[in-house]
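Visitor:
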Amino acid sequence: MTSKFIINTALKLFREYEDIYTLIKEKGIILKYVDLNEKIRGLSYKNIIFINSNIDDFEREFVIAHEIGHNILHDDSVRQFSKIEAFKGSREETQANLFATVFLQASYKDCDTDDDIQKIINYIHCNYLR
């Protein structure tokens, strides 16, 4: 699967649904907010996405879009989005991050930040969207 395919898929879905919550509803994806270990932000299995209820809105939308990326692009394996795995470089994780960045129209921010999500977005912009 190419980066161009992922970008085009995310853009097509963004134009069709405009926001992540409409996409979830229309695709029949179940979203559940649960208390998870602080290192785990979200996980998905088949059409169910579990989101850590203790993360902020910015992280929440990115993690949801990331898990939707897995749902659309990959098989039905159980997946989790954690601080530990965010930068491991697995191809599927990078693809889900690319999907989330493009679908959410997330912007590169030229700053020194401790925000892991913004670091991921900046990485995607520098390596795939320039």
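Residue numbers for the sequence shown, in the numbering used here: 619 to 748.
For each residue, glycine too, the CB sits at the ideal point set by N, CA and C.
With DSSP run on the structure shown, which of helix, strand or coil describes Gly660?
Guide: It is a strand residue.
Visitor: Phe680: buried (16+ other C-beta within 10 angstroms of its C-beta) or exposed?
Guide: With 16 or more Cβ atoms within 10 Å of its Cβ, Phe680 is classed as buried.
Visitor: Under DSSP, the alpha helix (DSSP H) around Tyr746 begins and ends at which residues?
Guide: Counting along the chain, the alpha helix (DSSP H) containing Tyr746 begins and ends at Asp734 to Tyr746.
Visitor: DSSP has Tyr651 in a bridge; who is on the other side?
Guide: BP columns for Tyr651 point to Ile669.
Visitor: Mark Ile642 as exposed unless 16 or more other C-beta atoms lie within 10 angstroms of its C-beta, in which case mark it buried.
Guide: With 16 or more Cβ atoms within 10 Å of its Cβ, Ile642 is classed as buried.
Visitor: Since Asn715 and Ile647 are thought to touch, with beta carbons under 8 Å apart, how far apart are those beta carbons, to the nearest angstrom?
Guide: Their Cβ separation, rounded to whole angstroms, is 18 Å, which puts Asn715 and Ile647 out of contact at 8 Å.
Visitor: May I ask you to report which of helix, strand or coil DSSP gives Asp637?
Guide: Reduced to three states, the DSSP call for Asp637 is coil.
Visitor: With a threshold of 6 Å on Cβ separation, who are the neighbours of Ser621 within its own chain once the five nearest residues in sequence on each side are excluded?
Guide: For Ser621, where only same-chain residues beyond five positions count, the Cβ hits under 6 Å are Tyr746.
Visitor: So Ile667 and Phe721 are supposed to be a Cβ contact under 8 Å. How far apart are they, rounded?
Guide: With 8 Å as the limit, Ile667 and Phe721 do not qualify as a contact, their Cβ atoms being about 14 Å apart.
Visitor: Let me make sure I understand the geometry here. Which of Leu631, Asp693, Glu644 and Ile658 has the alpha-carbon closest to that of Asp734?
Guide: Nearest C-alpha to Asp734: Ile658.
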